[in-house]
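In this note's numbering, the protein residues as written are 56 to 635.
Working notes for the structure below.
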Amino acid sequence: MRTSNFLLATLKETPADAEIISHQLMLRAGLIRKVAAGIYNWLPVGLRVVRKVEAVVREEMDATGAQEMLMPAVQPAELWEESGRWEMYGGELLRMQDRHQRDFCFGPTHEEIITSLVRNEVRSYKQLPMNFYQIQTKFRDERRPRFGVMRAREFVMKDAYSFHLDQDSLQQTYDVMFEAYSRVFSRLGLGFRAVEADTGSIGGNASHEFHVLADSGEDAIAICDKYDYASNVELAEALAVGGDRPAPSAELELIDTPGQHTIAAIGEFLNIDVETTIKTLLVKAAEDSGHSAIALVLRGDHQLNELKAEKHPLVHAPLTWLSDEEIHAAVGCGPGSIGTVNLDIPVIADRSAANLADYVCGANQEEKHYIGVNWERDCPEPEVFDLRSVIEGDICARAELPADDDSTLTIKRGIEVGHIFQLGTKYSEAMNATCLDNNGKAATMPMGCYGIGITRIVAAAIEQNHDDRGIIWPANMAPFDVVITPVGYHKSEQVKQHCDALYEQLLAQGVEVLLDDRKERPGIMFADADLIGIPHRIVIGDKSLANSQFEYKNRGAADSQDIQADSAVEFLAGQLNLGQ
RNA sequence: CGGGGUGUAGCGCAGUCUGGUAGCGCAUCUGGUUUGGGACCAGAGGGUCGGGGGUUCGAAUCCCUCCACCCCGACCA
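Dropping the structure here:
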């Protein structure tokens with residue numbers, strides 16, 4: 056490609072609405088342009104990168120035996136009503152009507168379509184297992200699109216769906232996909248981590264997320280290298296802090312605490328460690344529980360994990376906080392003064408809170424707290440449940456006791472670029488997708504599903520690979536392999552001849568090469584090449600041609616080197632690992 | 001959806017408080033001088049000041065209203 060015939064939409068200044076580095080560089084390097092919130096044009100440079108990611112994903116999917124197909128973006132409501140998700144999915148589902156007022160949606164995912172297809176086409180267990188994938192545009196009407204294509208509403212996803220006769224077969228395919236995903240992200244040059252994940256709204260049994268590690272990531276991941284453990288923080292099991300609960304050693308005492316309504320304020324007021332306090336949170340009870348409110352008790356410095364709390368049978372899902380008025384009605388005081396003593400509603404305590412002795416809590420009276428509180432002696436033993444989010448320094452749930460310093464968790468940020476699920480029979484049952492087993496009986500097919508965010512990977516790669524000049528593409532993702540930067544293309548005949556000749560030779564070798572034949576000053580061409588992040592650069596000018604040499608520079612290297620002009624193609628072939 | 005903020009040329013911004021000819025830098029076009037890391041000089045083009053309504057002799061500026069976009073919190077590839 057010659058730049059004279061190619062849209063290099065580079066920007067010198069950073070557009071004001073781009074916050075994170077990948078979004079800024081994608082705009083500046085001319086990969087994308089915004090059309091509406093979370094909806095983007097992919098310009099020629101950007102699309103080349105997308106195609107590179109797709110190519111690696113496609114190769115690895117094909118290698119697993121998965122079959123590529125293409126499903127429609129627009130889907131009829133009937134299928135979603137069958138699965139129950141027309142009601143359940145909520146505002147993220149973009150719904151529309153055709154000219155006959157029939158309901159449709161723009162597909163955010165394709166379980167309904169594939170299940171409908173497979174139940175019609177697959178008759179016998181002999182055809183199983185089968186795994187179908189597609190690379191296709193999805194639409195999810197996100198509450199809050201942000202960070203460019205990182206959280207877009209319209210995006211390109213690789214989604215795969217597998218069908219099985221039994222759980223063993225599903226597990227096998229799941230394991231194969233796990234390995235394939237690891238190869239995809241390795242080949243794309245990403246620093247990633249597979250983590251145990253919640254199965255979320257899609258539901259099902261086992262699930263792993265693949266995260267690209269980056270400070271700008273929206274997810275928190277708990278990691279323990281010693282036990283090769285990594286889990287989304289929302290799922291990571293939180294052990295009790297400290298050993299068994301000590302025996303009570305202090306007397307229960309009611310004290311005045313005027314104006315103290317937060318844990319931090321109480322800690323300061325009493326000059327005590329907040330780790331000796333507990334907080335009591337009131338939430339709505341599950342409808343069939345026979346209660347109206349449930350008290351969730353945590354140590355003062357710990358954070359409630361709402362996903363965990365929702366899993367308790369007494370707690371209403373989704374988790375719903377009581378209003379201040381409801382709290383007053385339930386316990387007779389405001390939210391800053393609730394405690395465990397004389398509390399007439401069911402109490403669920405986090406493991407660490409249940410292990411406390413002689414603790415401080417609200418007195419269920421305004422402006423008063425209890426100190427020296429002990430379970431069993433001053434209030435009933437609570438039901439113990441894992442309610443809190445893990446924090447840095449917690450002991451890994453896999454650790455063998457007694458734990459050492461290497462058994463603690465570190466918290467890192469991650470960008471979710473892949474997610475694999477064992478769906479079980481959730482969809483095949485709802486949509487009656489069966490095949491005949493070896494007894495001639497209809498068997499409901501367990502399913503797996505496997506997603507990769509193609510366009511998100513482009514942004515995630517930039518988060519990990521850039522410097523102050525621009526993007527530094529991993530080799531397999533670069534929009535071009537080589538850029539030829541002439542110095543004096545329009546002035547020096549020998550420069551032009553050498554540039555054109557090298558360009559043609561590289562094209563003939565199948566190298567993706569960009570010849571910058573614009574009538575610009577070298578500084579502009581260097582800056583653009585660095586910004587776009589092309590891995591290999593050849594500079595051709597009269598200066599080095601005097602010695603029959605070109606100049607070579609790798610985008611990630613600090614310095615350039617001179618190479619012989621007549622062996623430049625071989626040199627570059629070596630750099631590009633051609634033929635391997 | 002709640003809270004905060006911004007909309008003025010392709011991009012980055014000033015002007016709004018205190019109403020009075022719509023500006024600056026970059027980019028673009030023309031001519032010239034330059035030419036190894038975002039040159040310089042001279043000239044030119046480009047705007048329903050987010051939309052609608054109102055106040056006023058006069059509105060980018062004041063008032064009402066709608067919209068779009070960005071950031072912070074509950075969800076997801």
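Positions of the beta carbon are idealized from the N, C-alpha and C atoms, including for glycine.
Do residue i and residue j have their CB atoms nearer than 8 Å?
i    : j    : result
I403 : H367 : yes
C490 : R178 : yes
Q130 : E167 : yes
T465 : E447 : yes
G506 : D230 : no
V352 : W376 : no
L268 : G469 : yes
L627 : V537 : yes
A413 : N397 : According to the sequence provided, residue 413 is Asp. The question's Ala does not apply to it. Cβ distance not < 8 Å, so D413 and N397 don't count as in contact.
H266 : V250 : yes
N531 : K107 : yes
E518 : S77  : yes
A556 : V173 : no
In the DSSP assignment, find the alpha helix (DSSP H) that holds residue i and state where it starts and stops.
i    : result
V386 : 379–386
Q560 : 548–563
S599 : 597–600
I76  : 76–83
R113 : 99–118
P577 : 577–587
Return the bridge partner residues of residue i from the DSSP annotation.
i    : result
S217 : N186, G503
F210 : K193
N287 : I276
N96  : R88
G508 : M212
R248 : H266
W135 : The partner list for W135 (beta bridge, DSSP) is empty, contrary to what the question assumes.
I333 : R354
What number of angstroms, rounded off, separates the C-alpha of residue i from the C-alpha of residue j?
i    : j    : result
A92  : E197 : 10 Å
M116 : Q122 : 8 Å
R432 : T317 : 25 Å
P577 : H521 : 22 Å
V296 : A485 : 43 Å
A652 : W141 : Residue 652 lies beyond the range of the chain shown here (56 to 635); nothing can be said about it.
D280 : D461 : 8 Å
V112 : R238 : 9 Å
A498 : G508 : 32 Å
I321 : S407 : 19 Å
V104 : A516 : 11 Å
L374 : A275 : 20 Å
A601 : F581 : 21 Å
K574 : D72  : 31 Å
H371 : A384 : 19 Å
L149 : L362 : 26 Å
L562 : V568 : 7 Å
L409 : P313 : Correcting the residue identity first, residue 409 is Ala in this sequence and not Leu. The alpha-carbon atoms of A409 and P313 are separated by roughly 27 Å.
L243 : P529 : 6 Å
V550 : D621 : 14 Å
Q358 : A364 : 11 Å
Let me know if residue i comes out buried or exposed under the rule of 16 or more other beta-carbons within 10 Å of its beta-carbon.
i    : result
R511 : buried
V594 : buried
L456 : exposed
H545 : exposed
I579 : exposed
P184 : buried
G565 : exposed
D449 : buried
Q635 : Note that Q635 has pLDDT 49, beneath the 50 cutoff, so the model's placement of it is unreliable and the number below is only indicative. Exposed is the call here.
T69  : exposed
E90  : It should be noted that the sequence gives Val, not Glu, for residue 90. That one is exposed.
S217 : buried
T192 : exposed
N326 : exposed
Within the continuous beta strand (DSSP E) that includes residue i, where are the two ends?
i    : result
T540 : 537–542
V472 : 465–479
V296 : Taken as a continuous stretch (DSSP letters only), V296 belongs to no beta strand (DSSP E), as it is neither H nor E.
E68  : Taken as a continuous stretch (DSSP letters only), E68 belongs to no beta strand (DSSP E), as it is neither H nor E.
M151 : 149–152
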